[in-house]
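S.K.: Numbering (the UniProt record's numbering), first residue to last: 1 to 1266.
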């Protein structure tokens, strides 16, 4: 029967019952099981109704009386059974069977009956996965504890039977009454416990029979020592011990003392058979007792919320946790209120690493912001609101931080992360409840928010809640049997009752109340001599069976008041789970190829007999022989990497002195906590303060010295690039999600299995690279084609030494290598001999049109586009890692093609001498001329859908043949794309290789030029006709080329300079889809507004500069970095982003003022100064070595002006200045133009246009030295 409890007190918040529907808004109310939602009233009271167990309202006295009566009845049953078995055993032993024969016969029968019954019991599979599990695996460390218990158990039963056979039953009972004496004796010697009534229990009575007395005394010694040891190693509560005492007496027969049988009892708690006279009677009794015991176990496992807790959770796994086997993963979750993370993070991570903690829920961090940070292998996610002291965080170990898929921050007291563990979603929450002194409104807000967070988590997902709840749950259950394990500390208060009601509402259990521990392992808070328990870890009730141990570690001095609470949890492996393959592959350390090592490498490669062989015309055979030799020499000379990423440690500067001082401080702190005397405690406190002061000084000196040396190295020419890597690595460590490991499928479902992740990535790029393509035919490689013309058969010269050498100079250094693992630095190290070998193999490929098969392989690296969901494959672009030697071969072919064909001047991408700044300059100058004459200008910006990846191969060959490219080059290019395969490199491994039959190679040196040739056939003239017809023509032409227009990203801009309101109301559309008119849009990184002004572009550049500055705060805001080095970093990384495209700006004074204000704010924060410091701008700039941004604006504009005037008259950027637009200028003052800014700049510096002809002189007069 259940009752309904009504409450009118505003102190305790109400929790709605757990809703099976994940969305509580659409839940269906159920009669007799739902609670009334609280409502507010003017007096602050709320009426709540909730179903509670019937015994929740009983007093502690009634509960204690019922327990006492139950215990008394059980002891009475035990006493009667003891008398019965003593008498019956004596009658049995008087027969012809001896004790030794019985024991031997029993040892033979163990394996035939009881062990089979044990296996059947443990292999029983419960349908709800909460009952019986697989047999527990015996570990090596268990035998030193179990075997002595088995030996003394055997001796105790054997000597008991001898005593019964030698003396009367009454004397036996007299001697057995001395059992309390031996219990007290061994409790004092082993456990150190001294009972109050020790004198009373030491009373002895004389016994006449010497043999019986000695046997009984020996039986007492062995049995009671066994009980005491069992108490030490197998702790259970009183009620549970009574159950097993009764069952043990029911199972004890005259021959139960065998060593094998005791071992089985100790491990499985299952009874064993006893063959004894009369045999059939004893078999029947034995079977009945076993079935009775089995029935009790089944009833318990089917009802885990009964008053008797699980012996598996209470005693079977107490003490040292088993090492993780192949069938499960051990997780260690802890909770700690650190007080503050300032100057404690390194010590905290060291303590967590020593304890092998996987998740650490920390509270009261006192850190602002909502970011992430890495420290010594751990990654910290923290959440803190400004002007608040609460702030929580979660630390995740290095083995699980890459498995985090989502980070959720709720206010400054609650945060949650989602982690994938063994293909399951695990939710870890860190909470910090309001303390007693705060108002009820804040408390209710906290519990309501936590209630909503728990309801948003699906019920099939695991939950760990660790935090400081500022409440006492008490030492007894008192009606909360399913949530309180009965092993708490202290007395319960209102906050503790609120926590228990919250656990009841969400079917949670407080784990650190399930284990019987000493007070030192229960107390979580020490302050002013007071000890309490206010930190808890909660999990779902169905997961309590997986909790191995939970206790406080008092020896860890991580915080001043709170103690570390650690939970050991078991996560079973999946049935098909295999050990993860090693993702990192050992690679040759090519970065060491310089100096004397490069000379040694070159001499060994050149001394190889196979080097320089030119007899064969098979390029594939030559390549294999050469690369095998290079790889072998590289392994022996340069070595191999470990294949693992090097973990960055924040404490890399810790030396021996620092570690010694820190350990001394921690030791003094532990001594201070253990002192009870006031005078000794005062001295210990003083020693701790001195040790803390010394440790702080030592840490500061060591850190300053280490960082000073590092920054001196970064300020040199050799280390100037390292500072950018340092800034990038520090910024990446601040991101919530680093490398995305788990992705979502098309149904927005998160995928956790490795093979499914690789399958999704492989299918995405396979569809992208093979959309409607036809397989490559071998017959087309020889040059025979449907579009082949004899005009293309022109003779070509052989590839020369200088061509290869020039192409080798243009190749980039330190780039990611392809599947062949041969970087371009190898050919640079081999010198002229290597160039000769490359020239020879390139000529063979040109003649045979067959390149090495290894060059056809590539690796696709997904690169995030920095927009959209990072767990969706569609938001990534694939970059192919090709062979460096193949890219060098492409550069040789590209250089020859540029000599044969000239691309139209309308193309600016990847064209030598044509930058994106020229395109921006042309557009802005054209808009200025149309605005001056009040002529309207219509522009459409077309975006192609996956242009590189969707170009059909037939379109490529047709374009090359139409351009009259020699057949030998066409055959060579066709061979580059024929039989090409690729695979995707993911965070969980590489996918299977698949063919690529469509599109151009992303990352190829030749692809941009081929794409320019294809687009050059479409855009041959300037747009002067009506825009809609031109769009229709472009769409038709693009579709003929196999390309598609991305209508969603295509934009239309109308510059109505004439201010004519009677313009034709004709909508610009593509196939019926109307293109909306935009006020401004981004063109090549520059914002183009319809009025031709630069206001929007200046605003956009200021935002881009701040974005870069915030990304580099790891270096710019580091007080240990020298100011000159900060200024150098600012000039090279931040200011270019701030002034991009400013060469074409027609700036006003207001624009310059805004940019200067933003720059000065960046520089002041970089120096750690504010306006209240009263430091002048000139002093700030002088300390950093940065000139005013207005001068850099003028320098860039004049430099670009000189570049334009030095161009040829036929160039577009020069011809745009002479364009004349028909029309008349409007009345009034004209808008400021680019040439007006140049006129004022040249006047300020006394320059003339004639000076621009000499580039050095012009550069010298316009440059601003910093």
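Where is the CB? At the ideal position from N, CA and C, for every residue including glycine. Predicted model, so just to flag it, every value in this text is computed and none were measured.
Across the region 833-842 and the region 866-882, are there enough close Cβ pairs to call them in contact, namely three or more that are closer than 8 Å?
M.R.: Output reads no: the region 866-882 does not touch the region 833-842.
S.K.: Could you check whether the region 928-943 touches the region 757-764, counting it as contact only if at least three pairs of C-beta atoms, one from each stretch, sit closer than 8 Å?
M.R.: Cβ pair count under 8 Å is below three, so no.
S.K.: Give the range of the beta strand (DSSP E) segment to which residue 383 is assigned.
M.R.: Here the question's residue 383 lines up with position 383 in the chain shown. Taken as a continuous stretch (DSSP letters only), the beta strand (DSSP E) holding residue 383 covers 378-383.
S.K.: Does any residue of chain D have a CB that is nearer than 8 Å to the CB of residue 827?
M.R.: Of the protein chains in the structure, only one exists, and it is not chain D.
S.K.: Since I believe residue 534 is in contact with residue 524 (beta carbons under 8 Å), could you give me their beta-carbon distance rounded to a whole number of angstroms?
M.R.: Walking along the chain shown from the start, residue 524 turns up at place 524. Walking along the chain shown from the start, residue 534 turns up at place 534. Right, their Cβ atoms sit about 6 Å apart.
S.K.: Mind checking whether the beta-carbon of residue 371 lies closer than 7 Å to any heavy atom of the ligand FMN?
M.R.: The ligand FMN is not part of this structure, which contains no ligands at all.
S.K.: Whole angstroms are fine: how far does the CA of residue 904 sit from the CA of residue 1078?
M.R.: Along the chain shown, one-based indexing puts residue 1078 at 1078. Along the chain shown, one-based indexing puts residue 904 at 904. Cα to Cα, the separation comes out at about 29 Å.
S.K.: Extract the residue ranges of the alpha helix (DSSP H) inside the region 1026-1051, only unbroken runs of 4 or more that lie entirely within it.
M.R.: The region 1026-1051 contains these whole alpha helix (DSSP H) runs: 1027-1040.
S.K.: Since residue 1180 is in the alpha helix (DSSP H), which residue starts that stretch and which ends it?
M.R.: Position 1180 of the chain shown holds residue 1180. From DSSP, the alpha helix (DSSP H) with residue 1180 extends over 1177-1184.
S.K.: Relative to the alpha-carbon of residue 528, which residue among 942, 672, 1223 and 796 has its alpha-carbon at the smallest distance?
M.R.: Here the question's residue 528 lines up with position 528 in the chain shown. Comparing Cα-Cα distances from residue 528 to each of 942, 672, 1223 and 796, the minimum goes to 672.
S.K.: Going by DSSP, what residues sit across from residue 428 in a beta bridge?
M.R.: On the chain shown, residue 428 is found 428 positions in, with the first residue counted as 1. Its beta-bridge partners are 417 and 464.
S.K.: Give the secondary structure of residue 1173 by DSSP, where H, G and I count as helix, E and B as strand, and everything else as coil.
M.R.: Residue numbering aside, residue 1173 sits at position 1173 when the chain shown is read from its first letter. Residue state, collapsed to three classes: helix.
S.K.: Considering only the alpha carbon of each residue, which of 1235, 432, 864 and 883 lies closest to residue 819?
M.R.: Taking the first residue of the chain shown as position 1, residue 819 is located at position 819. Comparing Cα-Cα distances from residue 819 to each of 1235, 432, 864 and 883, the minimum goes to 883.
S.K.: With DSSP run on the structure shown, which of helix, strand or coil describes residue 626?
M.R.: Here the question's residue 626 lines up with position 626 in the chain shown. Of the three classes helix, strand and coil, the one that applies to residue 626 here is helix, per DSSP.
S.K.: Does the Cβ-Cβ distance between residue 735 and residue 555 come in under 8 Å?
M.R.: Numbered from 1 along the chain shown, position 735 holds the residue referred to as residue 735. Numbered from 1 along the chain shown, position 555 holds the residue referred to as residue 555. Contact: no.
S.K.: I'd like the ranges of any beta strand (DSSP E) spanning at least 3 consecutive residues and lying wholly in the region 900-933.
M.R.: Here no run is fully enclosed.
S.K.: What residues in its chain sit with their C-beta under 7 Å from that of residue 435, if we drop five residues either side in the sequence?
M.R.: If you number the chain shown from 1, residue 435 lands on position 435. Only 470 meet the Cβ criterion.
S.K.: Taking residue 415 as the reference, give the member of 428, 405 and 424 with the closest Cα.
M.R.: As a position in the chain shown, residue 415 is number 415, starting the count at 1. It is 428 whose Cα lies nearest to the Cα of residue 415.
S.K.: Quick check on the burial criterion: 16 or more other C-beta atoms within 10 angstroms. Buried or exposed for residue 997?
M.R.: For the purposes of this step, residue 997 is taken as residue 997 along the chain shown, with counting starting at 1. Flag for residue 997 reads buried.
S.K.: Hey, could you find the ends of the beta strand (DSSP E) residue 1285 is sitting in?
M.R.: One cannot answer for residue 1285 here, as it falls past the ends of the chain, which runs 1 to 1266.
S.K.: Buried or exposed, going by whether 16 or more other CB atoms sit within 10 Å of the CB of residue 1179?
M.R.: Taking the first residue of the chain shown as position 1, residue 1179 is located at position 1179. Counting Cβ neighbours within 10 Å, residue 1179 comes out exposed, since fewer than 16 surround it.
S.K.: DSSP three-state call for residue 1204: helix, strand or coil?
M.R.: Looking up residue 1204 in the chain shown gives position 1204. Note: residue 1204 maps to helix in three-state DSSP.
S.K.: I need the straight-line Cα distance from residue 27 to residue 454, nearest angstrom please.
M.R.: Taking the first residue of the chain shown as position 1, residue 27 is located at position 27. Taking the first residue of the chain shown as position 1, residue 454 is located at position 454. At residue 27 the pLDDT is 37, less than 50, meaning the model places this residue with poor confidence and gives no usable figure here.
S.K.: So, does the region 1024-1041 touch the region 917-934, judging by three or more C-beta pairs under 8 Å?
M.R.: Result no; under three Cβ-Cβ pairs closer than 8 Å.
S.K.: Short check: CB of residue 731 to CB of residue 1114, under 8 Å?
M.R.: In the chain shown, counting from the first residue as 1, residue 731 sits at position 731. In the chain shown, counting from the first residue as 1, residue 1114 sits at position 1114. For residue 731 and residue 1114, yes; Cβs fall inside 8 Å.
S.K.: Using DSSP with H/G/I as helix, E/B as strand and the rest coil, what is residue 503?
M.R.: As a position in the chain shown, residue 503 is number 503, starting the count at 1. Helix.
S.K.: Here's a check: name, in chain order, each residue in its chain whose Cβ is nearer than 8 Å to the Cβ of residue 1015, leaving out the five neighbours to either side.
M.R.: Within the chain shown, numbered from 1, the residue matching residue 1015 stands at position 1015. Cβ neighbours of residue 1015 beyond the five flanking positions: 907.
S.K.: Taking 6 Å as the limit between beta carbons, can you name the residues of its chain near residue 982, skipping five residues before and five after?
M.R.: Along the chain shown, read from residue 1 onward, the residue named residue 982 stands at position 982. Excluding sequence neighbours, residue 982 sits near 858, 860 and 996.
S.K.: Among 869, 766 and 1146, which has the Cα closest to the Cα of residue 984?
M.R.: Here the question's residue 984 lines up with position 984 in the chain shown. Nearest C-alpha to residue 984: 766.
S.K.: Do the region 1131-1145 and the region 906-926 meet, that is, are 3 or more Cβ pairs less than 8 Å apart?
M.R.: Yes, the region 1131-1145 is in contact with the region 906-926.
S.K.: Please report how far the alpha carbon of residue 897 lies from the alpha carbon of residue 1007, in whole angstroms.
M.R.: Reading the chain shown from its first residue, position 897 is the one you call residue 897. Reading the chain shown from its first residue, position 1007 is the one you call residue 1007. Cα to Cα, residue 897 sits roughly 12 Å from residue 1007.
S.K.: Give the straight-line distance between the Cα atoms of residue 1256 and residue 1201, rounded to the nearest whole angstrom.
M.R.: In the chain shown, counting from the first residue as 1, residue 1256 sits at position 1256. In the chain shown, counting from the first residue as 1, residue 1201 sits at position 1201. About 14 Å.
S.K.: So what does DSSP say about residue 757, is it helix, strand or coil?
M.R.: Mapped onto the chain shown, residue 757 falls at position 757. Three-state DSSP puts residue 757 in a helix.
S.K.: What do you reckon, are the CB atoms on residue 808 and residue 837 nearer than 8 Å?
M.R.: Residue numbering aside, residue 808 sits at position 808 when the chain shown is read from its first letter. Residue numbering aside, residue 837 sits at position 837 when the chain shown is read from its first letter. No. Outside cutoff.
S.K.: How many whole angstroms separate the CB atoms of residue 977 and residue 910, which I take to be in contact at a CB cut-off of 8 Å?
M.R.: As a working mapping, residue 977 is identified with position 977 in the chain shown. As a working mapping, residue 910 is identified with position 910 in the chain shown. That pair is no contact at about 19 Å.
S.K.: Can you give the beta carbon distance from residue 894 to residue 1005, rounded, assuming they're within the 8 Å contact cut?
M.R.: Reading the chain shown from its first residue, position 894 is the one you call residue 894. Reading the chain shown from its first residue, position 1005 is the one you call residue 1005. About 6 Å separates the two Cβ atoms, so the contact holds.
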